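Our numbering puts the sequence shown at residues -15 to 641. Note that the Cβ used here is the ideal one computed from N, Cα and C, for glycine as well. Predicted model only: the values in this text are computed from it and were never measured. Report on the following structure.
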Amino acid sequence: MRKKILALTLVLSMILILVGCRTKIEDNGNKGKTELKINFATGNALKTLTYNTGTPVTLPDGSIYTNGQIKPAWNYIANHLEVAIKDVTVQGQTATNMIQIAAATNFEDAHIYGGNVAETFMEYGAKGKLINLLEYKDKLPDFMKYLEEYPLIKQQLTAYDGGIYSVPYVAELDEFSKVFYGRNNWIETLLDTDELLPETATLDVSYTGYWKGSKARKGANVVELQNQAASNGKLTGEVARQQLIQYIDTNYPNLEKRSDLYIDDTAEYDIDELVALWRVMKLYPNTLFKLTTGQSGTCEIVPFFFRTKNQRAEIFKLINYFGGTRVYGTNTYTGLWYVDESNTLQFSFYQDAVYEAFDYLKQIFSEGLINSDYDDTNNSADFRSIFYSSDLSVNSSGSSTVKQLGFMTFDFIPSTAASSPTGAVKAMLPPVTTLEGMHDNKFHHYIEIPRTVMIDGWAISANASGKELDKALELFNFFFTDFGSNVQNFGIPGVMADFDNLYTLPSGDKVPTLSKWLMEQAKIYTNGDVATFGQQFMGIRMPIGYKADIGFEYQNMTKEAQEGYDLYEEKGVLTLGYNKPSKLLELSAPCYSLTRQESARLATLSIGDDQINMIYLYIRSDKNSVSSVDLIKKAYESANILEYIDIYRSAYNRTKA
């Protein structure tokens, strides 16, 4: 019996050894290779270089990956570069905590540090803790070529001492991430048919309109026409719709149908014409409920909404459509800096045009045209799911359980296109507006925030030397070669993508074609979400130093999402960028490199959440809000906004030198 147990033990041991040899793929052939220690923290254990999903994945060659191993794509990269990659990250640790600990230990625990801490990389680089990449141009030819192609990116990466200490994650440049979406069938029903139900809803008018007087586009302003037709300040659906229809018939006689003013490639509506439409929708709840659910009943109509409380700052993007007023200079809600025509850095929330727009937003909100819960920090609801995805919800008796329906939002292309079970949600061109600084008096379709250089990236410890430093530089440069860029964007050649059979994008660019295997595995592991499977299970498209390509996302879009993307591309919607002919369309930096003295001065100021929350309360007409925008401006001045601006202007001016 003892011999049988011993024999069984030996067999099990051999099985474990064989499995270990097969699954510990990153250990194969590493003997004698230079080891690179990487500390790449994201705050999410599923988004590091280490496999942490809890569910093994098997590649087509039979290789099995389990928890604790380097992800497949990184194993491929390591083998390609003949280097041994060791992930020393504390899984789940935030980048901020990681960098604080690294600084305390003099950046000795890893050769490479990564995360969303670009400003900190500049700080510690200038202190001599990270290598200056400009001193190794010969080792980084492809990255340096990229900086030559985008001098503004190089300018924005440069620290106050003139060095560049990190390679950034560059989102898909010149591409749109978020666009406007709405329900085309609502517009068509309300404007092109008379299939309407009796309505009793009323609305207290407050919004006065922007494109009027000397700024008028069409002579008459549709919002003013609706306001004038209101009875004692109350607007009914019948009156609001009648005024809008008459306005469209008079001012757009060449449209084949009225809804063409708003939908598809014929859209040319401005913010006032949009508000006029929102009013009609708000006042036709019975009609829109029947249209959407197929049942009789009513609900609350929410003309405009944002997905979650975390996206409440999206409301400020509407400010663009009041004469092209600038708000965000880069792709972040805190990026309230932009560069004006005179090449001067401006803080948008200290501009008179923005304060004027706060009043317009307040008026629109008071009419119930914007989701009333968008600023409720205690509400964690997914409003996109509530307002779009529940269209066909019914209870056990077969009656609709829908209580709220939303019309329009501003959100990511692929996920929003897929959010409606009826397929009624379509991309809409943005409102038209003039643009300050263009000096052409033309009306343009415009979105202020595109995809940009992000604050994510990675840097090399100054303690790295010899072979470790050479391999770290080689790795950094690899992702800016054509092949390395494709590996990080599309995955392992022959497994995740076909690098020979190329996919042609609408732009004419050709990219690797994603494999059938990748699509099938995404269905199994991530409910068809190819991007999530690629990142969490395979390790591609990580926010390390590389340039993302729209080709991966485009191949994964639904037909409806591709149509939305194509609409924006074909209509030439204007947005910000890095190689633009006008300062008006130039992206500002995602962060600025401050000296110790500037950081110390900044620490004495209190510019931030206090004033922002004051603005939200004002827009909501909250009982605790200030009575006028002048008091918001005074609050900024009391917090010494001029010194705040001076600090950042000094940082910006250094990058121009």
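With DSSP as the reference, please indicate the residues paired to residue i in a beta bridge.
| i | result |
| --- | --- |
| residue 388 | 284 |
| residue 333 | According to DSSP, which records beta bridges pairwise, residue 333 is partnered with nothing at all. |
| residue 428 | 417 |
| residue 21 | 70 |
| residue 477 | 481 |
| residue 164 | 394, 412 |
| residue 445 | 114 |
| residue 558 | 430 |
| residue 307 | Residue 307 is not bridged to any residue. |
| residue 570 | 561 |
| residue 215 | 218 |
| residue 289 | 393 |
| residue 34 | 54 |
| residue 49 | 41 |
| residue 259 | Answer is none; residue 259 lacks a bridge partner. |
DSSP three-state call for residue i: helix, strand or coil?
| i | result |
| --- | --- |
| residue -12 | Low confidence applies here, because residue -12 scores a pLDDT of 38, under 50, leaving its location unreliable and the question unanswered by this model. |
| residue 12 | Here the model assigns residue 12 a pLDDT of 46, short of 50, so the residue's position is not dependable, and the following value carries that caveat. The answer is coil: DSSP assigns residue 12 none of H, G, I, E or B. |
| residue 367 | helix |
| residue 221 | helix |
| residue 321 | strand |
| residue 247 | coil |
| residue 153 | strand |
| residue 500 | helix |
| residue 194 | coil |
| residue 529 | coil |
| residue 494 | strand |
| residue 636 | helix |
| residue 6 | Only weak support is given to the placement of residue 6: the predicted model assigns it a pLDDT of 32, under 50, and the value that follows is read from those uncertain coordinates. Note: residue 6 maps to helix in three-state DSSP. |
| residue 644 | The structure shown has nothing for residue 644, since the chain only spans -15 to 641. |
| residue 95 | coil |
| residue 299 | helix |
| residue 642 | The structure shown does not extend to residue 642, since the chain spans only -15 to 641, so no value can be given for it. |
| residue 549 | helix |
| residue 234 | helix |
| residue 275 | helix |
| residue -1 | For residue -1, the pLDDT reaches just 33, beneath the cut-off of 50, and the residue's location in the model is therefore unreliable, although a value from the coordinates is still provided. The answer is helix: DSSP assigns residue -1 an H, G or I state. |
| residue 348 | helix |
| residue 254 | coil |
| residue 148 | strand |
| residue 141 | helix |
Would you mind giving the Cβ-Cβ distance between residue i and residue j, rounded to the nearest angstrom? I have them listed as a contact below 8 angstroms.
| i | j | result |
| --- | --- | --- |
| residue 475 | residue 502 | 7 angstroms |
| residue 313 | residue 418 | The Cβ separation is near 19 angstroms, so there is no contact. |
| residue 628 | residue 440 | About 25 angstroms separates the two Cβ atoms, so there is no contact after all. |
| residue 95 | residue 157 | Contact doesn't hold; Cβ gap of about 28 angstroms is too wide. |
| residue 165 | residue 400 | 5 angstroms |
| residue 139 | residue 639 | 5 angstroms |
| residue 646 | residue 71 | Limits of the chain in this structure are -15 at one end and 641 at the other, which puts residue 646 out of reach. |
| residue 569 | residue 561 | 6 angstroms |
| residue 461 | residue 127 | 5 angstroms |
| residue 603 | residue 623 | Going by Cβ atoms, the distance from residue 603 to residue 623 rounds to 20 angstroms, so no, they are not a contact pair. |
| residue 350 | residue 190 | 5 angstroms |
| residue 267 | residue 220 | 6 angstroms |
| residue 676 | residue 485 | Look at the range of the chain in this structure, -15 to 641, and you will see that residue 676 is not part of it. |
| residue 92 | residue 447 | 5 angstroms |
| residue 209 | residue 261 | Their Cβ separation, rounded to whole angstroms, is 13 angstroms, which puts residue 209 and residue 261 out of contact at 8 angstroms. |
| residue 43 | residue 56 | 6 angstroms |
| residue 625 | residue 334 | 6 angstroms |
| residue 631 | residue 586 | 6 angstroms |
| residue 384 | residue 277 | 4 angstroms |
query: Any contact of the segment 395 to 411 with the segment 545 to 559, i.e. 3+ C-beta pairs under 8 angstroms?
result: yes
query: Is there contact between the segment 72 to 80 and the segment 111 to 123, where contact requires at least three CB pairs shorter than 8 angstroms?
result: no
- prompt: Is the segment 561 to 580 close to the segment 172 to 185, with three or more CB pairs under 8 angstroms?
  reply: no
message: Closer than 8 angstroms is the cut-off here; do at least three beta carbon pairs connect the segment 588 to 598 with the segment 612 to 632?
response: yes
- request: Report yes or no: do the segment 527 to 538 and the segment 156 to 170 share at least 3 C-beta pairs separated by less than 8 angstroms?
  value: yes
Contact the segment 383 to 396 vs the segment 361 to 373: 3+ CB pairs below 8 angstroms: yes
- request: Could you tell me whether the segment 516 to 529 touches the segment 31 to 41, using the rule of 3 or more Cβ pairs below 8 angstroms?
  value: yes
- request: Inspect the CB distances between the segment 354 to 365 and the segment 118 to 129 and report whether three or more fall short of 8 angstroms.
  value: no
- prompt: Does the pairing of the segment 191 to 206 with the segment 283 to 296 give three or more beta-carbon distances under 8 angstroms?
  reply: no
- prompt: Residue ranges of each alpha helix (DSSP H) run of no fewer than 4 residues wholly in the segment 590 to 630, ordered along the chain?
  reply: 593 to 603, 613 to 622
message: Measuring CB atoms only, is the segment 141 to 152 touching the segment 318 to 325, in the sense that at least three cross pairs come out at less than 8 angstroms?
response: no
query: If we count Cβ pairs, one from each stretch, closer than 8 angstroms, do we get three or more for the segment 211 to 225 versus the segment 234 to 254?
result: no
- prompt: Touch check for the segment 441 to 450 and the segment 92 to 106: three-plus C-beta pairs under 8 angstroms?
  reply: yes
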